[in-house]
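**Q**
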Amino acid sequence: MAHYRHVGEVPRTRHTQHRNPEGGLYYEELMGEEGFSSDSSLLYHRAIPSAIADAAEWRVPDLSRTRNAPMVPRHLRLHELFSDQDWKAADVVESRRLVLGNDDVRISYVVAGAPSRLYRNGIGDECVYVESGTARVETVFGALEVGGGDYVILPRATTHRWVPTGDGPLRAYAIEANSHIAPPKRYLSRYGQFLEHAPYCERDLRGPTEPLLAEGEMVDVLIKHRGDGPGGISGTRYTYPTHPFDVVGWDGCLYPYAFNVADFQPITGRVHQPPPVHQVFEGHNFVICNFVPRKVDYHPESIPVPYYHSNVDSDEVMFYCGGDYEARKGSGIGQGSISLHPGGHSHGPQPGAYERSVGVHYFDELAVMVDTFRPLDLGEGGRACDDGGYAWTWAGGRR
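Quick note on numbering that gives the first Met the number 0: the sequence shown kicks off at 0 and runs consecutively.
1) My understanding is that Asn289 touches Thr371, with C-beta atoms under 8 angstroms, so please give their C-beta distance in whole angstroms.
2) Evaluate Thr65 with the Cβ neighbour count: other Cβ atoms within 10 Å of its Cβ, from every protein chain shown; 16 or more gives buried, anything less gives exposed.
3) Determine, using beta carbons only, whether Leu117 and Pro243 come nearer to each other than 8 angstroms.
4) Just verifying my parser: in three-state terms, what is the DSSP assignment at Asp262?
5) Using only alpha-carbon positions, find the residue among Ala171, Thr138 and Gln264 that is nearest to Ala210.
6) Taking buried to mean at least 16 other C-beta atoms within 10 Å of its own C-beta, is Met30 buried or exposed?
7) Would you tell me roughly how many angstroms separate the C-alpha atoms of Glu156 and Val9, rounded to the nearest one?
8) Can you look up Lys87 in the DSSP assignment and give me helix, strand or coil?
9) Considering only the alpha carbon of each residue, which of His340, Glu281, Gly206 and Arg382 lies closest to Gly123?
10) Under 8 angstroms by Cβ, that's how I've got Ile232 and Val59 pegged, so tell me the actual separation to the nearest angstrom.
11) In the DSSP assignment, find the beta strand (DSSP E) that holds Arg13 and state where it starts and stops.
12) What residues in its chain sit with their C-beta under 7 angstroms from that of Gly167, if we drop five residues either side in the sequence?
13) Do His308 and Pro347 have their beta-carbon atoms positioned less than 8 angstroms apart in this structure?
14) Less than 8 angstroms between C-beta atoms, sequence neighbours within five positions excluded: which residues of the same chain meet that for Arg269?
15) Within 10 angstroms of the Cβ of Ser336, are there 16 or more other Cβ atoms? Answer buried if so, exposed if not.
16) Can you tell me where the beta strand (DSSP E) holding Ala134 begins and where it ends?
17) Please list, in chain order, all residues of the same chain as Arg76 whose beta carbon is under 7 angstroms from its beta carbon, the five residues on each side excluded.
18) Check this for me: beta carbons of Pro255 and Leu187, under 8 angstroms apart or not?
19) Would DSSP call Val359 helix, strand or coil?
20) Only counting the same chain, and skipping five residues up and downstream in sequence, which positions put a Cβ closer than 7 angstroms to that of Leu80?
21) Within the same chain, show all residues whose beta-carbon is closer than 8 angstroms to that of Gly234, passing over the 5 residues directly before and after it, in chain order.
22) If I'm right that Met217 touches Pro240 with Cβ under 8 angstroms, what's the distance once you round it to whole angstroms?
23) In whole angstroms, what is the alpha-carbon distance linking Tyr190 and Ala1?
24) Can the beta-carbon of Glu32 be found closer than 8 angstroms to that of Leu204?
25) On the three-state DSSP scale, how would you describe Asp203?
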C-alpha cells in the first residue's frame, strides 16, 4: 500500500456521517489525483469547502520566457536577484522570480522575510528546496516546520502559506510542475512501499501530525491555474466566507511532506556512477536529483569527477547549494549558482578538474539537479543574473 497517514478526527467508515459536538455534520472532501484513480485523501471540514464569496483576477509573478538562443551553457548567479533590503518585504509565493522554464516545469528563486498570502497551485505539484533559513509551512492538512536542506512537496491544489521564522532570510528554490512530483517508480514496490535499494524511505518523510484550525471571515486565497497568460497560466483570487484551515481530520495517501537532503543515502561504486543513482523525485518530462557529500570511486585507477557527456535528450540544471563542487572549480560557479547545460552540448569538468580528482576519496558537495526532457527557456530572473561568460570557460575564456 502507499504510505498512509491519519491525522485528527475521522469517522470509522469513509463517506459516512461525521458529526461535530453540536450534532451538525462535518463536510467531507476528497482530494485525489488522476480523477478517482490514484492517491487521495479525505478531509473533513467545519464549513462547506466549495463556498466562495467573491472572485477577482490575480496577476501572477512574471512568467515570461525567452529562448536560450544562441544555444549555450549558462551560469546564473541566483544570490544577485535579491538585495539585502529586498528580502525583508518579499514572500515565497508572490516574490519568486522565474529563472528557467518550459511547458512541463518552472524553476524559480526567492529570498523572503515576510509571510505569504494563502495560495494554491491548481496546475501541478510544487517541490520547494530550502537553501537556508527556517519557515512554518501552514497547510489545509496541518503545518510543517522546515529548514535548510528540506525539500517540501506540496500536492496540486493544497491551500497553504509560507511563514518565515528566525531572524535571517529564507532562501527557497521552487520547482513547479505541470504534473505530479513523486519518488521514482523504481524505488517503490507495486503497492507503493519503498524498496530496500531506495536511497530513502518512509521514515524519512515528515508529514503534518495534527490539524491546523484557524478562524476568520472573508479570507483571500490566491490560485494559480490554467489560462491565457504566459505559458498558459493565469491567476484568480477567491474570497472564502470562512477560513479554509477548518479541517478537523483527514486520512489517506496524498498530503504535503518534507524530506531533508541529509537523509538521502548516496549510492557509490568502484567507478563514477551516473546521475540516475542520485535521483530523488520525478515529474512528467523531468527528474530531480541531488549530489550529497559522499565517498567516491574506489577503483585504484578511477577518475572521480564526471566524464564528459552529451545531453542528447535533456537540459541539465544544477543548483549549487553547499560544499565545494569539484568539477566546476575555475568556472566562477559558487554557492547560489545555477549551471545550465542544454541538450546537444557536450559538457563535463572544467579544465584541470579531471586531473585534480585522481586519488580523491571524498566529495564535500551539495547540489540539486533538474534534468528536463524538453528545452528550457530563460525567465526574467535567469536573464537578470546570467554571468555572460560561462560558455567559454572550457576554452580559457576565449570566444
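For every residue, glycine included, the Cβ atom is placed at its ideal position computed from N, Cα and C.
These numbers were taken from a predicted model, which means no experiment stands behind them.
**A** If we stick to the structure as given:
1) Counting from one through the sequence shown, the residue named residue 289 turns up at place 290. Counting from one through the sequence shown, the residue named residue 371 turns up at place 372. Between Asn289 and Thr371 a beta carbon distance of about 16 angstroms is seen, past the 8 angstroms cut, so the two are scored as non-contacting.
2) Within the sequence shown, residue 65 is the residue found at index 66, counting from 1. Per the 10 Å Cβ criterion, exposed.
3) Within the sequence shown, the letter at position 118 stands for residue 117. Within the sequence shown, the letter at position 244 stands for residue 243. The answer is yes: Cβ separation under 8 angstroms.
4) One-based indexing of the sequence shown puts residue 262 at position 263. The answer is helix: DSSP assigns Asp262 an H, G or I state.
5) Counted from its first residue, the sequence shown places residue 210 at position 211. As written in the sequence, residue 210 is Pro, which differs from the Ala given in the question. The shortest C-alpha separation from Pro210 is found at Thr138.
6) The residue labelled residue 30 in the question sits at position 31 within the sequence shown. Burial call: buried.
7) Within the sequence shown, the letter at position 157 stands for residue 156. Within the sequence shown, the letter at position 10 stands for residue 9. According to the sequence provided, residue 156 is Ala. The question's Glu does not apply to it. Computed Cα separation, rounded: 21 angstroms.
8) On the sequence shown, position 88 is the one that residue 87 refers to. It is helical.
9) Stepping through the sequence shown from its first residue, residue 123 is reached at position 124. If we check each option's Cα against that of Gly123, Glu281 comes out closest.
10) Your numbering for residue 232 matches position 233 in the sequence shown. Your numbering for residue 59 matches position 60 in the sequence shown. Rounded, the Cβ-Cβ distance is 6 angstroms, consistent with contact.
11) The residue labelled residue 13 in the question sits at position 14 within the sequence shown. No beta strand (DSSP E) holds Arg13; DSSP gives it neither H nor E.
12) Position 168 of the sequence shown, counting from 1, holds the residue named residue 167. Excluding sequence neighbours, Gly167 sits near Gly132.
13) Translated into the one-based positions of the sequence shown, residue 347 becomes position 348. Translated into the one-based positions of the sequence shown, residue 308 becomes position 309. Reading off the sequence shown, one finds Gly at residue 347, where the question assumed Pro. His308 sits close to Gly347, with the two beta carbons spaced by under 8 angstroms.
14) Taking the sequence shown and counting its residues from 1, the one referred to as residue 269 is at position 270. Closer than 8 angstroms at the Cβ level, and outside the excluded window around Arg269, lie Asp296, Tyr297, His298 and Ser301.
15) Stepping through the sequence shown from its first residue, residue 336 is reached at position 337. Burial call: buried.
16) Position 135 of the sequence shown, counted from the first residue, corresponds to residue 134. Thr133 to Thr138 is the extent of the beta strand (DSSP E) around Ala134.
17) Indexing the sequence shown from 1 puts residue 76 at position 77. If we look at Arg76 and ignore the five residues flanking it on each side, its Cβ neighbours are Gly335, Ser336, Cys384 and Asp386.
18) Along the sequence shown, one-based indexing puts residue 255 at 256. Along the sequence shown, one-based indexing puts residue 187 at 188. The answer is no: Cβ separation not under 8 angstroms.
19) As a working mapping, residue 359 is identified with position 360 in the sequence shown. Correct three-state label for Val359: coil.
20) Looking up residue 80 in the sequence shown gives position 81. The residues are Arg96, Tyr108, Gly380, Ala383 and Cys384.
21) Counting from 1 along the sequence shown, the entry for residue 234 is found at position 235. Excluding residues within five positions, the ones whose Cβ falls inside 8 angstroms are Glu56, Trp57, Arg58, Val59, Leu221, Ile222, Lys223, His224, Gly226 and Gly228.
22) Indexing the sequence shown from 1 puts residue 217 at position 218. Indexing the sequence shown from 1 puts residue 240 at position 241. Between Met217 and Pro240, the beta carbon gap of about 7 angstroms places them in contact (Cβ cut-off 8 angstroms).
23) Taking the sequence shown and counting its residues from 1, the one referred to as residue 190 is at position 191. Taking the sequence shown and counting its residues from 1, the one referred to as residue 1 is at position 2. Rounded to the nearest angstrom, the two C-alpha atoms are 6 angstroms apart.
24) Taking the first residue of the sequence shown as position 1, residue 32 is located at position 33. Taking the first residue of the sequence shown as position 1, residue 204 is located at position 205. Contact flag unset, no.
25) Within the sequence shown, the letter at position 204 stands for residue 203. Here Asp203 sits in helix by DSSP.
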